[in-house]
Amino acid sequence: MKGRQFKEVIGFDLFYQLTYMSAIAMSGISRSRVFLMGGELARDPSAYFNRVHLLSQKLGYDYARACAMVGLNTKSEEMVSLLLRLSTALSSGQPEREFLAEEALVQGKSYEKEYERDLASLTKWTDAYAAVTVSTTLIVIINMTSSLIYPLSTGILVGLVLTAAVTAGATAWILSRAAPKEVIDRFSPEGPWTQRLSLKLVYYLGAGVFIVCPPLLLWGVNIGWVTLLAALILLPLGVVSMLAGREIDKKDREFGPFLRSLGAMAVSTGTTIAEALTRIDLSSFPTLEPDLVRLRSRLAAAIDPELCWHKFAMETGSKLIGETVKIFNDSVKLGGDPDTIGFLAADFSSRTIMLRAKRKVTASTFSWLTVVMHGAVSFLLVLMFEVVRNFVLMLNEAASTLEGEALGTFAMAMPVFHVPQVELFRGMTVTMVLLQAGINGIAISSTDGGHKLKLAFFLSLMLAMSGVALLIGGPVVARIL
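This is the structure:
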């Protein structure tokens, strides 16, 4: 613990840290125990409280003085302000329980405002991303159509395509930076079956794409069919990952009301948490019910409650439930009032869920808009390439029927097109369509905020649309011309 380094603190981590310390302080434990347990929490702000505890225990400083010393030697503005206020409160004789409760409430509101500001920024960047995507497509289209007027060098064409790709990628990166930073689901081998299956599928299906698709391309199979096959291979992983994410959302929404019911039942009946759990109608929490039944059975078997709750949190697959369980279980274990602690932990969970619900509104709109836009843009790119290709073929066919002076006159009047240039256009089109599929998938994943495996679902949709565009673009133009 002595080697722990101070890191920049984000709003959610500080909100969780203060909520946890406020909850354990309500149990009436000593000040040193509050700082000790706060310093052991697996969050970046805990390093500061750990340093305060070490200064007090090893060097004999009182906690007020230790808070001031750590605060004055800290770069994080939020932690400087918090530790100096804590030092003043402790020096004036204010109980740490009251101070931590007030700060947890204030930090909760501050985190809400910060989250909403990030969402507002994210919304603006999603609008900008759509404009950038269309603009990068126009760059490629203008390249191809400009060559009908004046032949451009290969370097210029490739450079403009790279510029378009880098611009789209940079905008997707900005989206990931603008989005609120949070981890929603953990996808561990101990999680629900959807998470366990996703972790298995990612190895088999991910490897399958790289094993099956490249040989097909080498054998001359149309890249449209290969792209469709890649989409089909990734689709099961994407569907299972999306189901896992929806299950976590439902469990998170049910867990807050469950904790309030559990705490109220324990206080009103004067029983232990394990006994109170047997008296609750678990059918009120349908998604959590299987996990709660296992928890109840383990507690009834006299297994260590801390181990039971930890296993329960891991099996739900939700990071938020794991964090809320630690607040509730540690505080009640230390002697805190279950009703009060249950309400505090449920409030922490509910605030987080409501903020995530706002994010999902933005993410859902952007996700499906991007999917539809990718389909339209991909088809437009392929359509323009096929128009240019057919025009070149028509010119070459017309030129082959002319001889002598007539051919010279035709060559002076019209630009000269060569097959290599058309093949370059083909490579540019295919590359841009596939790059946009990957970049759009990453942009959606960053906006959504769920586990990275959910990227497979949207990437599968993008690849499917890309494959369809590559397959039908030629026949559509052939019918038109």
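The numbering used here puts the last residue of the sequence shown at 1000; the count rises by one with no breaks.
Yeah, the Cβ is synthetic: ideal placement off N, Cα and C, and Gly gets one too.
Bear in mind that the values here come from a model prediction, so they are computed numbers and not experimental data.
Is the CB-CB distance between Leu801 and Val812 below 8 Å?
A contact, by the Cβ cut-off of 8 Å.
I'd like the span of the alpha helix (DSSP H) that includes Lys973, first residue to last.
Counted as a single uninterrupted DSSP element, the stretch harbouring Lys973 is not any alpha helix (DSSP H), since DSSP gives it neither H nor E.
In this structure, how does DSSP classify Ser629 when only helix, strand and coil are distinguished?
helix
In chain order, what residues of the same chain have a beta carbon less than 7 Å from the beta carbon of Leu754, not counting five sequence neighbours either side?
Ser979
Opposite Asp704 in the DSSP bridges: which residues?
Ser837
Reference Ala983; option with closest CA among Tyr582, Leu751, Ala566:
Leu751
Nearest-angstrom Cα separation, counted from Thr889 out to Ile961:
11 Å
Restricting to runs no shorter than 4 residues, where is the alpha helix (DSSP H) found entirely within the region 592–638?
Taking only runs of at least 4 residues, the alpha helix (DSSP H) segments lying wholly in the region 592–638 are 596–610.
Sort Tyr539, Phe531, Lys594 by Cα distance to Lys632 and report the nearest one.
By alpha-carbon distance to Lys632, the top candidate from Tyr539, Phe531, Lys594 is Phe531.
Please state whether the Cβ-Cβ distance between Met761 and Phe976 is less than 8 Å.
yes
Glu942 in three-state terms, based on DSSP:
helix
Does Ile548 come out as helix, strand or coil in the three-state DSSP assignment?
coil
Status (buried if at least 16 other CB within 10 Å, exposed otherwise) for Met873
exposed
Neighbourhood of Thr806 by C-beta distance below 6 Å, restricted to the same chain and skipping five residues each side:
Sequence-distant partners of Thr806 (beyond 5 residues in either direction) whose C-beta falls short of 6 Å from its own C-beta, in its chain, are Lys769, Lys770, Glu773.
With a threshold of 8 Å, are at least 3 pairs of Cβ atoms found where one atom belongs to the region 880–889 and the other to the region 712–720?
The region 880–889 is not in contact with the region 712–720.
By how many angstroms is the C-alpha of Ser541 removed from the C-alpha of Ala698?
28 Å
Reduced DSSP secondary structure (H/G/I, E/B, other) of Leu807
coil
Opening and closing residue of the alpha helix (DSSP H) in which Ala821 lies:
Where Ala821 is concerned, there is no enclosing alpha helix (DSSP H), given that its DSSP letter is neither H nor E.
Is there contact between the region 646–665 and the region 845–858, where contact requires at least three CB pairs shorter than 8 Å?
no
For Lys577, does the count of other Cβ atoms within 10 angstroms reach 16, so buried, or fall short, so exposed?
Classification of Lys577: exposed, given that the 10 Å Cβ count is below 16.
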